[in-house]
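Undergrad: There's a structure below that I have some questions on.
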């Protein structure tokens, strides 16, 4: 004998939206107020209240970032006293915020400091499963240096260093780091866009042009050499108004895939989305080696790529997504054992012109009337 029973269960299929980490940066540096506290800032924040009335290293960079970050700009900030250590500050902040990038405003003087930042980025990934990159600063030129000596000093800092999760900005104008951080965080453009993109507009609020001990203004040749040394620097175009930016160079090795920041950012974005989908499938027997399950799992893991690859056609112009739309075969699943499966996922960035040349020829032929 039995009694009738009815149950209704809500099934969570993991189809909801994901909070976006991209464009949210953590700034750490010496400040005049609220030292040791993790602050949430946006375009409405009163920086005199949050960071102190006095000018500080941290406040200067955040002002520049906010000016270049657009109307949706927001960040976290952790002001430090002069004797505080950024490494411990990062550990403190990681318990409260999950940023895309960590901006250390205190200028570094050695490659060992940059290497430590890369090591920290890897440690954060190991501990929290978070993908972050560091933005670091080096000092601008002093009154006693000429451009040749300054260039040699800067090159020595990064010489022989491989730190693919670190981007370095010389503080040539005093607030270059903040300007670039804001440009990268601007929601009006894709994370797949290079900070070099001229259509994004000129940078705003860049400090005064520096000169060396001989009163020589910053030469374009010095900027070109800094760029070749893998620093990220501003640039101008003769007879074209405005100051723009060069590549967001990462301290990656020659020939590597992540030498520019936009490639790292799209790979990290895809990895964050896919990681959540994998967590939802732990010990789920619906994921198995049957053909139907393999096809369904591939389709589910391809969802973030489809979203990242979504483009818009407007007024006859195509506005591309972060990546090219995925194709069949861009995801492969391999069962390593009865309980372990590995996914191989292909992400294709769009081609992007950074070196353009026009060839013009005369047609001197005489056309018959």
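Residue numbers (the UniProt record's numbering): 1 to 369. Just so you know, even glycine gets a beta-carbon here, dropped at the ideal spot from N, CA and C.
For residue 121, which residues of its own chain have a beta-carbon under 7 Å away from its beta-carbon, when the five flanking residues on both sides are left out?
TA: Taking the first residue of the chain shown as position 1, residue 121 is located at position 121. So the list reads 132, 133, 134, 165, once near-sequence residues are dropped.
Undergrad: So, with DSSP's three-state summary, where would you put residue 109?
TA: As a first step, residue 109 must be located in the chain shown, where it is residue number 109. Of the three classes helix, strand and coil, the one that applies to residue 109 here is coil, per DSSP.
Undergrad: For the structure I just gave you, are there three or more beta carbon pairs, one from the region 259-267 and one from the region 347-359, closer than 8 Å?
TA: Judged by Cβ distances under 8 Å, the region 259-267 makes contact with the region 347-359, as three or more pairs qualify.
Undergrad: Taking the beta carbon of residue 335 as the centre, do at least 16 other beta carbons fall within 10 Å, making it buried, or is it exposed?
TA: Residue mapping note: residue 335 aligns to position 335 of the chain shown, counting from 1. Exposed.
Undergrad: Between the region 82-94 and the region 203-220, do three or more beta carbon pairs fall short of 8 Å?
TA: Output reads no: the region 203-220 does not touch the region 82-94.
Undergrad: Distance check for residue 117 and residue 143, CA to CA, integer angstroms please.
TA: As a first step, residue 143 must be located in the chain shown, where it is residue number 143. As a first step, residue 117 must be located in the chain shown, where it is residue number 117. Looking at the two C-alpha atoms, the distance is approximately 29 Å.
Undergrad: Report the option in 330, 309, 182, 214 whose CA atom is closest to the CA atom of residue 43.
TA: Here residue 43 is taken as the residue at index 43 of the chain shown, counted from 1. Checked all of 330, 309, 182, 214; the closest Cα to residue 43 is 182.
Undergrad: Short check: CB of residue 80 to CB of residue 138, under 8 Å?
TA: Here residue 80 corresponds to residue number 80 of the chain shown, with the count starting at 1. Here residue 138 corresponds to residue number 138 of the chain shown, with the count starting at 1. Contact flag unset, no.
Undergrad: Using a Cβ distance threshold of 8 Å, determine whether the region 323-332 contacts the region 239-249, with at least three qualifying pairs required.
TA: The region 323-332 is not in contact with the region 239-249.
Undergrad: Take residue 311 and list the residues in its own chain whose beta-carbon comes closer than 7 Å to its own, dropping the five residues that flank it on each side.
TA: Along the chain shown, read from residue 1 onward, the residue named residue 311 stands at position 311. If we look at residue 311 and ignore the five residues flanking it on each side, its Cβ neighbours are 318, 319, 320, 321.
Undergrad: When we look at the beta-carbon of residue 15 and count the other beta-carbons within 10 Å, is it buried (16 or more) or exposed?
TA: Locating residue 15 in the chain shown gives position 15, where the first residue counts as 1. Residue 15 comes out exposed.
Undergrad: Measure the alpha-carbon distance for residue 276 versus residue 20 and round it to whole angstroms.
TA: Residue mapping note: residue 276 aligns to position 276 of the chain shown, counting from 1. Residue mapping note: residue 20 aligns to position 20 of the chain shown, counting from 1. Answer to the nearest angstrom: the Cα atoms are 12 Å apart.
Undergrad: By the 10 Å Cβ neighbour count, where 16 or more other Cβ atoms means buried, how is residue 175 classified, buried or exposed?
TA: To locate residue 175, count along the chain shown from 1; it is residue 175. Buried: at least 16 other Cβ atoms inside 10 Å.
Undergrad: Could you work out which residue in 187, 279, 213 is closest to residue 145 when comparing CA atoms only?
TA: One-based indexing of the chain shown puts residue 145 at position 145. Checked all of 187, 279, 213; the closest Cα to residue 145 is 213.
Undergrad: If you reduce the DSSP assignment to three classes, tell me which class residue 79 lands in.
TA: For the purposes of this step, residue 79 is taken as residue 79 along the chain shown, with counting starting at 1. If DSSP states are grouped into helix, strand and coil, residue 79 belongs with the strands.
Undergrad: Between residue 323 and residue 302, how many whole angstroms is the CB-CB distance? I'm expecting something under 8 Å.
TA: For this step, residue 323 is matched to residue 323 along the chain shown. For this step, residue 302 is matched to residue 302 along the chain shown. That pair is no contact at about 12 Å.
Undergrad: Below 8 Å, how does it come out for the region 177-194 and the region 55-65: are there three or more Cβ pairs, yes or no?
TA: In short, these stretches touch, since the Cβ pair count reaches three.
Undergrad: Provide the residue(s) that pair with residue 135 in DSSP beta bridges, ordered along the chain.
TA: Within the chain shown, numbered from 1, the residue matching residue 135 stands at position 135. According to DSSP, residue 135 bridges with 103, 167.
Undergrad: Helix, strand or coil for residue 149? Go by DSSP, reduced to three states.
TA: As a first step, residue 149 is located in the chain shown; it is residue number 149 there, counting from the start. Of the three classes helix, strand and coil, the one that applies to residue 149 here is helix, per DSSP.
Undergrad: Could you give the first and the last residue of the continuous beta strand (DSSP E) run that contains residue 262?
TA: Here the question's residue 262 lines up with position 262 in the chain shown. No beta strand (DSSP E) holds residue 262; the alpha helix (DSSP H) holding it covers 261-280.
Undergrad: Quick one: residues in its chain with C-beta nearer than 7 Å to the C-beta of residue 198, no 5 flanking neighbours on either side, listed in chain order?
TA: Position 198 of the chain shown holds residue 198. Answer for residue 198: 244, listed in chain order.
Undergrad: With residue 262 and residue 248 assumed to form a contact (beta carbons below 8 Å), what rounded beta-carbon distance in angstroms separates them?
TA: Taking the first residue of the chain shown as 1, we reach residue 262 at position 262. Taking the first residue of the chain shown as 1, we reach residue 248 at position 248. About 7 Å; that satisfies the 8 Å criterion.
Undergrad: Ignoring anything shorter than 3 residues or poking outside the region 150-225, list the beta strand (DSSP E) runs there in chain order.
TA: DSSP runs (the beta strand (DSSP E)) wholly in the region 150-225: 163-170.
Undergrad: DSSP state of residue 350, grouped into three classes?
TA: Here the question's residue 350 lines up with position 350 in the chain shown. Residue state, collapsed to three classes: coil.
Undergrad: When the Cα of residue 274 is compared with those of 297, 5, 1, which residue comes out closest?
TA: Position 274 of the chain shown holds residue 274. Of the candidates 297, 5, 1, the one whose C-alpha sits nearest the C-alpha of residue 274 is 297.
Undergrad: Drop a sphere of 10 angstroms on the beta-carbon of residue 150, count the other beta-carbons inside from all chains shown, and report buried for 16 or more, exposed for fewer.
TA: For the purposes of this step, residue 150 is taken as residue 150 along the chain shown, with counting starting at 1. It counts as buried.
Undergrad: From what residue to what residue does the beta strand (DSSP E) around residue 241 run?
TA: Along the chain shown, one-based indexing puts residue 241 at 241. Looking at the DSSP string, the run of the beta strand (DSSP E) that includes residue 241 is 240-245.
Undergrad: Is it true that the CB of residue 154 sits closer than 8 Å to the CB of residue 370?
TA: The requested residue 370 is not part of the displayed model; the chain covers only 1 to 369.
Undergrad: For the putative contact between residue 102 and residue 191, defined by C-beta atoms under 8 Å, what is the C-beta separation to the nearest angstrom?
TA: Taking the chain shown and counting its residues from 1, one reaches residue 102 at position 102. Taking the chain shown and counting its residues from 1, one reaches residue 191 at position 191. The pair is not a contact, with the Cβ atoms about 16 Å apart (cut-off 8 Å).
Undergrad: What residues in its chain sit with their C-beta under 6 Å from that of residue 162, if we drop five residues either side in the sequence?
TA: Position 162 of the chain shown holds residue 162. Counting only Cβ-Cβ distances below 6 Å, and skipping sequence neighbours, we find 253.
Undergrad: Kindly indicate which three-state DSSP category residue 128 falls into: helix, strand or coil?
TA: In the chain shown, the residue the question calls residue 128 occupies position 128. Three-state DSSP puts residue 128 in a helix.
Undergrad: For residue 231, which residues of its own chain have a beta-carbon under 6 Å away from its beta-carbon, when the five flanking residues on both sides are left out?
TA: As a first step, residue 231 must be located in the chain shown, where it is residue number 231. Here the set comprises 168, 170.
Undergrad: Measuring only the C-alpha atoms, how far is residue 393 from residue 290?
TA: The structure shown has nothing for residue 393, since the chain only spans 1 to 369.
Undergrad: Who are the near neighbours of residue 434 in its chain, counting only those whose CB is closer than 8 Å to its CB and skipping five residues on each side?
TA: For residue 434 there is no data in the structure shown, the boundaries of the chain being 1 and 369.
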